[in-house]
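A.B. asks:
There are 2 protein chains.
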Amino acid sequence: MVPAKAISFLMDAERFLVLTHINPDGDGLGSAMAMKCLLERLGKKAEIVIDSEPPEMFAFFTNYEWVRQYGVETDGLEPFNTVISVDAPTIERLGDAAKLIADDANILCIDHHVSAKNFADVNYIDGTASATAQMVYYLASELNIAITPETAEYLYTGIVIDTGRFRFSNTTPDVLHVAGELVKAGADPDKISRHLYYNNTLETTQALGKLLETIELHFNGKVATAHFTHAYMLGDHWKNVDTEGFVNHALSIRGVEVAMLLRETKTGITRVSLRAKGGFDVNELAKIFGGGGHAKAAGLTINEPLEKAKKILLDETERTLKAG
Amino acid sequence: MVPAKAISFLMDAERFLVLTHINPDGDGLGSAMAMKCLLERLGKKAEIVIDSEPPEMFAFFTNYEWVRQYGVETDGLEPFNTVISVDAPTIERLGDAAKLIADDANILCIDHHVSAKNFADVNYIDGTASATAQMVYYLASELNIAITPETAEYLYTGIVIDTGRFRFSNTTPDVLHVAGELVKAGADPDKISRHLYYNNTLETTQALGKLLETIELHFNGKVATAHFTHAYMLGDHWKNVDTEGFVNHALSIRGVEVAMLLRETKTGITRVSLRAKGGFDVNELAKIFGGGGHAKAAGLTINEPLEKAKKILLDETERTLKAG
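Heads up: the protein sequence lines correspond to chains A and B, in order.
Read in UniProt numbering, the first sequence has 144 at position 144, and its numbers run on one by one without any break.
Read in UniProt numbering, the second sequence has 244 at position 244, and its numbers run on one by one without any break.
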């Protein structure tokens, strides 16, 4: 499954730049960290650069300081001739970190998004993999590199994040097998989950409470809305709030097929996150408002205050429900 | 690993009673359902009886109607001579369903609790297994019985519940391997998780919001309390509230080592659920009040109204923290 060209790509150079997408998640950052480990085991050198602040959430990673933020910690770093992009479907998703790619550089793209554009010279793209981390594990196997406990932790984190803790439909026998091997190699599921899911700020937990109070059901309980007002988001506490996953609480209600999280981010501008379970395609709904995403997760913006935006959105949803 | 005696126990009889503990969780019920499947594949007959209403949460199981409630659906059922108890560490935990065990019956106990008392004639007890479901899987392998998609669903559910979705420290390479085999055999992680975790009542979600609003941190953020007043629990909505897992939201706050959920269940009687992460032993704290449980999860009752109970509990916690 691992292309021979990807293996020679790694063997034929000595110094690598490892990139991943802006605001990396556990799969992007974990895969990048693991790639650097593998390269070092091969006696090579590698630098990880990202175009955003390294997310605090992954500060528990051993060698977390490896990750350099472009423009902040990359002074004097010359462009690289050999570049590995992990978990990024387009070169644009690498952001400014792509400025470190030399004009005539060779690029290897490792990604599990089938939508990955072939922007690289060598492509290792596998849409059947649940996470890029799973593919990096196969790369290590192919190279006969034993997985260290640290590498196991990075890769297990990538898999846990991208399978939603082995919940999403991409939870295949293969990824469970790889996860088992990673635990054998030293990944600690309890420790990793504590860092990823038991590390909320007090403000985040309180904001979730506030949000759940606003939940309303519509259309015979098929659609749930919840919101944050602009006034609430102006408070001092807000900078410590991470709303990641909040919308899933609305989706977790029995009978709800579509959950909508509305936030009036600026006066008169309402951001909406949509999530679906079952057959409803929220991407189609988002598109009507110039937004987009996937069938099960999409987003859009309405240039109206919260209440008006909600009404417009629900009216359009009703039409879509009737048409469907 | 599977004792030869357990295998002959299954081969040597024709008609079995399968029991599990009162208020069965996914592991108890899933293991019982899977045992009946295995026995039928062997050409045997089996009945599942429990001493409580079959939990609604597992109504998505194919053949859910197999589960009979003792005293409600067991009229005319004669005591059994061959009995299998799954996931129950003592005969008392079987409740009234144990009345269906004939005086001279042979009992097989299958359990992953090391604390399982040897109340049975044949014991298959394995403290290294994450779930009884994992052991039932090994039993099927030993018997060379192919796992049907239904059986895979029952067993996967047991494993998901008992590992907390592959989060707890019992998430071993072995259990991940078995989980992978179960997905291969037809278990659908997405479907199962939707039924187990995306099936809340509106009242449950609203009650969680209400609870999160009451969160307070104490002792430099080491201890979090949250509560339901007696008045709130008297409301009509309360009968649709399932507080399972609520206390974990308080525990998920960064820096919190002990989370306390207080509920004034009757006027002047406060029930407390304790959860810990890190080193704090909540069982020791619970014991002081005549309660108990495990180091990471325990419960107790204080015969005082909410506010007074909270003060008494926090004073005792402070003493324990200072002593530790």
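Just so it is clear, CB atoms sit at the ideal spot from N, CA and C, and this is done for glycine as well.
Computed from a prediction, not measured in an experiment: that's the story for all the values here.
So, does the region 45-62 of chain B touch the region 12-31 of chain B, judging by three or more C-beta pairs under 8 Å?
C.D. replies: Touching, yes, given that three or more Cβ pairs across the two stretches are closer than 8 Å.
A.B. asks: Taking only runs that begin and end inside the region 33-117 of chain B, name each unbroken beta strand (DSSP E) of 3 or more residues, in chain order.
C.D. replies: 45-50, 67-69, 80-86, 101-111
A.B. asks: Per DSSP, what kind of secondary structure is Glu260 of chain B in: helix, strand or coil?
C.D. replies: Before going further, note that residue 260 of chain B is Met rather than Glu in the sequence given. Correct three-state label for Met260 of chain B: strand.
A.B. asks: Note down the Cα distance separating Val67 of chain A from Leu100 of chain A, rounded to an integer number of angstroms.
C.D. replies: Roughly 14 Å separates the two Cα atoms.
A.B. asks: For the region 26-46 of chain A against the region 155-167 of chain A, are there 3 or more C-beta pairs whose distance is under 8 Å?
C.D. replies: yes
A.B. asks: By alpha-carbon positions, which one of A:Pro79, A:Gly292, A:Val114, A:Asp126 ends up nearest to Ile107 of chain A?
C.D. replies: A:Pro79
A.B. asks: Keeping to the same chain, check which residues put their C-beta closer than 8 Å to that of Gly268 of chain B; ignore five residues upstream and five downstream.
C.D. replies: Counting only Cβ-Cβ distances below 8 Å, and skipping sequence neighbours, we find Asn303, Glu304, Pro305.
A.B. asks: With a 10 Å radius around its C-beta and 16 neighbouring C-beta atoms as the bar for buried, classify Ala140 of chain A as buried or exposed.
C.D. replies: Per the 10 Å Cβ criterion, buried.
A.B. asks: Thr270 of chain A by DSSP, collapsed to three states: which one?
C.D. replies: strand
A.B. asks: Sort A:Glu264, A:Trp238, A:Val223 by Cα distance to His230 of chain A and report the nearest one.
C.D. replies: Residue nearest to His230 of chain A within the set A:Glu264, A:Trp238, A:Val223 is A:Glu264 (criterion: CA-CA distance).
A.B. asks: Between the C-alpha atoms of Met135 of chain B and Val282 of chain A, what's the straight-line distance to the nearest angstrom?
C.D. replies: 41 Å
A.B. asks: Can the beta-carbon of Leu262 of chain A be found less than 8 Å from the beta-carbon of Leu274 of chain A?
C.D. replies: no
A.B. asks: Does the structure place the region 210-229 of chain A close enough to the region 207-224 of chain B that three or more beta carbon pairs sit under 8 Å?
C.D. replies: Contact holds: three or more Cβ-Cβ distances are below 8 Å.
A.B. asks: Just to check, is the beta-carbon of Asp12 of chain A closer than 7 Å to a non-hydrogen atom of the ligand NAP?
C.D. replies: Absent from the structure shown: the ligand NAP. Ligands present: none.
A.B. asks: Have a look at Ala102 of chain B and Thr82 of chain B and give me their C-alpha separation to the nearest angstrom.
C.D. replies: 8 Å
A.B. asks: Short of 7 Å Cβ to Cβ, which residues in the region 125-138 of chain B face chain A?
C.D. replies: none
A.B. asks: What first and last residue would you give for the beta strand (DSSP E) that runs through His294 of chain A?
C.D. replies: Per DSSP, His294 of chain A belongs to no beta strand (DSSP E) and is neither H nor E.
A.B. asks: Given Gly186 of chain B, which residues of its chain have a CB within under 6 Å of its CB, disregarding the five upstream and five downstream residues?
C.D. replies: Pro149, Ala152
A.B. asks: Can residue 325 of chain A and Leu313 of chain A be called in contact, C-beta distance under 8 Å?
C.D. replies: Nothing in the structure corresponds to residue 325 of chain A, since chain A is present only between 1 and 324.
A.B. asks: Closest Cβ-Cβ distance between Thr172 of chain B and chain A: below 8 Å?
C.D. replies: Thr172 of chain B counts as touching chain A.
A.B. asks: What do you reckon, are the CB atoms on Ala226 of chain B and Val256 of chain B nearer than 8 Å?
C.D. replies: No. Outside cutoff.
A.B. asks: Touch check for the region 167-180 of chain A and the region 168-181 of chain B: three-plus C-beta pairs under 8 Å?
C.D. replies: yes
A.B. asks: How would you list, in chain order, the residues of chain A whose beta-carbon sits under 8 Å from the beta-carbon of Glu304 of chain B?
C.D. replies: Within chain A, no residue comes near Glu304 of chain B; the closest Cβ sits about 26 Å away, beyond 8 Å.
A.B. asks: I'd like to know whether the C-beta of residue 379 of chain A is nearer than 8 Å to at least one C-beta of chain B.
C.D. replies: It is not possible to answer for residue 379 of chain A, since the shown part of chain A is limited to 1 through 324.
A.B. asks: Can you list the residues of chain A that Ser193 of chain B reaches, using a CB-CB cut of under 9 Å?
C.D. replies: Gly164, Arg165, Phe166, Arg167, Phe168, Thr171
A.B. asks: Mind listing the chain A neighbours of Pro54 of chain B? Cutoff is C-beta to C-beta under 9 Å, in chain order.
C.D. replies: Correct list: empty, because the minimum Cβ distance to chain A is about 17 Å.
A.B. asks: Note the first and the last residue of the continuous alpha helix (DSSP H) segment covering Leu155 of chain B.
C.D. replies: That run of the alpha helix (DSSP H) goes 149-162.
A.B. asks: For chain B, check one thing: does any of its Cβ atoms lie closer than 8 Å to the Cβ of His177 of chain A?
C.D. replies: Yes, because at least one Cβ of chain B sits closer than 8 Å to the Cβ of His177 of chain A.
A.B. asks: Relative to the C-alpha of Leu19 of chain B, which residue among B:Ile84, B:Lys45, B:Asn63 is closest?
C.D. replies: B:Ile84
A.B. asks: Mind reading off the beta-carbon distance from Glu14 of chain B to Lys44 of chain B? Whole number of angstroms is fine, and I expect it under 8 Å.
C.D. replies: 6 Å
A.B. asks: So with Cβ pairs under 8 Å, would you call Leu155 of chain B a contact of chain A?
C.D. replies: Not closer than 8 Å to any Cβ of chain A, the Cβ of Leu155 of chain B fails to qualify, so no.
A.B. asks: In chain order, what residues of the same chain have a beta carbon less than 6 Å from the beta carbon of Leu39 of chain A, not counting five sequence neighbours either side?
C.D. replies: Taken in chain order, the residues that qualify are Phe16, Ala46.
A.B. asks: How many angstroms separate the CA atom of Val122 of chain B from the CA atom of Thr214 of chain A?
C.D. replies: 55 Å
A.B. asks: Looking at the strands, I want to know which residues DSSP matches up with Thr20 of chain A.
C.D. replies: A:Val86
A.B. asks: Exposed or buried, what is Thr128 of chain B when buried is set at 16 or more other beta-carbons lying within 10 Å of its beta-carbon?
C.D. replies: exposed
A.B. asks: Does Ala133 of chain B pass the burial test, meaning 16 or more other C-beta atoms within 10 Å, or should it be called exposed?
C.D. replies: buried
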